[in-house]
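For the sequence shown, the residue numbers in my numbering are 1 to 467.
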Amino acid sequence: MAQAPAKPLVAIVGATGTGKSDLAVDIARKFNGEIINGDAMQLYRGLPIITNKLTQEEMRGVPHHLLGCVGLEEATWTVGKFVGEALDVIGDIQRRGKLPILVGGTHYYTQSLLFQDALADEPTLNLNENSEPLPILEAPTDVILARLREVDPVMADRWHPNERRKIQRSLEIYLRTGKPASQVYDEQRIRQDGSPRLAQDGPASTHPGLRFPTLVFWVHANKDVLHPRLDGRVEKMLNKGLLSEVQELCDFQKSYESRTDTKIDQSRGIWVSIGYKEFRDYQDALAQVPQVPSELAKLMTASVEKTQAATRQYANRQIKWIRIKLLNALLSAGQKSNIFLLDGSNLSKWEDEVTQTAATVTERFLSGQTLPEPSTLSSFAAEMLTPKRAYDLAKRPDLWQKRVCETCGTVAVTENDWTLHTKSRAHRKAVGARKKRENTQGTPQENQKALQADTDDMREGCAESLP
């Protein structure tokens, strides 16, 4: 006899612009649910355009939680903070006999909430975010990295020199706890590896890796469809008033810094949201007198293109996270049969291929019935539901290996990155230019100057050879 799962949870993941929030509302209305926001930017108050919040009309009367609860001057919630707050909300929803539905694009939030003792890429520490500030964390990135290398060389080699926020976080963990972050990760891995594993898929409620019996929907759209959709969304954001929100942030920054005599760290929080930083130069130019219309037009075009590119890149990173980290975690937990890919490429077929399919699977899940085979739900489900890589790099410190290409100046932090770079066309071209210069007659100074000119021209292309 089928047995309904106790305290079920539905989670919805996917790239930005695929319709995750719309599906969450559809499921909530049909199954008496409430929605928990899992998007870091939507935690911030106001700014509905930059953060892509649903309007009240789009929410269709469904309660939404963890929206607009963080001040603009505050740092993004850590994973631990988010998980703690979200668990409180989920508990309240479940006690009232309703279905909690987690949705959002910050997938490390989602994954950390789904799995017990598995805060993805973040040690399970209760760092006091309100404790005394650490001035070194506001220093230039190379200074922070140098300090991290002194206290935790393993983590210093883990991050690319441009990954400021990750470098900051690793050093902060050491400064606030006295333990190197690498040690914390090791201790966490030991706890995880020591927990029992199921050899085969089984009921989610029986597996210690998951906090709740969980059904995961991955809303996906073909890249050829999604990228133009995302480009168009930037134009819609402009028409809705994106620039007024950019100005609102600029005004808030000036007012806050003048009032508190404290500089806002614009390398984190709402200040790294897509749409603000890309349009900041244009917004600053509007305030200049006299204005040059031709220059403003160029800045506007550049800002739009930068925002579109950043949005596409973000979507790619979200998909990569799902295909490597989330799928591997579900596979390790014996729960890979509980994630279903929904094809949202054709919006004219959304009702049949997304909403109705999700409703059918959810109904079977909530009633304890056997779920369909995930690979049968769409033509490319089988391919996409296979992990892109057989391991999660965050859990394989033996593969962390930083190298610097002497020819190109490119930094690679894993063996795979290094292989991709050395096989790239840009790298081979740079090496060829170096050999050619070395064989050219001339003084050493002349040869070195010519070589440097060629190398500088190629370095940008080499940097783009890494994923």
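Beta carbons: idealized from backbone N, C-alpha and C, even for Gly.
Check                                                                                                          : Outcome
Residue 4 versus residue 365: straight-line alpha-carbon distance, rounded                                     : 8 Å
Contact set for residue 237: own chain, Cβ-Cβ below 6 Å, skip 5 residues either direction                      : 49
Cβ separation of residue 106 and residue 38, assumed to be a contact under 8 Å, to the nearest whole Å         : 6 Å
Straight-line Cα distance separating residue 303 from residue 246                                              : 12 Å
The beta strand (DSSP E) enclosing residue 36, as first and last residue numbers                               : 33–37
Rounded separation between residue 285 and residue 296 - CA only                                               : 7 Å
Cβ neighbour criterion (16 or more within 10 Å) applied to residue 178                                         : exposed
Pairwise C-alpha distance: residue 405 and residue 83                                                          : 40 Å
At least three beta-carbon pairs within less than 8 Å, the segment 85–92 to the segment 258–277                : no
Test item: CB-CB of residue 220 and residue 384 under 8 Å                                                      : yes
Rounded separation between residue 355 and residue 62 - CA only                                                : 16 Å
Backbone CA spacing between residue 103 and residue 223 [nearest angstrom]                                     : 21 Å
Below-8 Å beta-carbon distance, residue 299 vs any chain D residue                                             : Considering every chain present, this structure includes no chain D. It has just one protein chain.
Closest Cα partner of residue 310 within the set 350, 382, 280 and 231                                         : 231
C-beta atoms of residue 55 and residue 44 nearer than 8 Å                                                      : no
Among 21, 16 and 2, nearest to residue 10 - alpha-carbon criterion                                             : 21
Simplified DSSP assignment, three categories, for residue 100                                                  : strand
Test item: CB-CB of residue 333 and residue 409 under 8 Å                                                      : no
CB contact flag (residue 326, residue 13, <8 Å)                                                                : yes
Cβ separation of residue 367 and residue 28, assumed to be a contact under 8 Å, to the nearest whole Å         : That belief does not hold up - the Cβ atoms of residue 367 and residue 28 are roughly 18 Å apart, past 8 Å.
Closest by C-alpha distance to residue 248, when choosing among 8, 41, 42 and 46                               : 46
DSSP bridge partner residues for residue 365 (one or two, in chain order)                                      : Its beta-bridge partners do not exist; DSSP assigns none.
Complete runs of the beta strand (DSSP E) confined to the segment 211–272 [at least 3 residues]                : 214–220
Of the listed residues 60, 377 and 259, nearest to residue 339 (C-alpha basis)                                 : 377
Classification of residue 143 by the beta-carbon crowding that lies within 10 angstroms, buried from 16 upward : exposed
Extent of the continuous beta strand (DSSP E) run through residue 343                                          : 339–343
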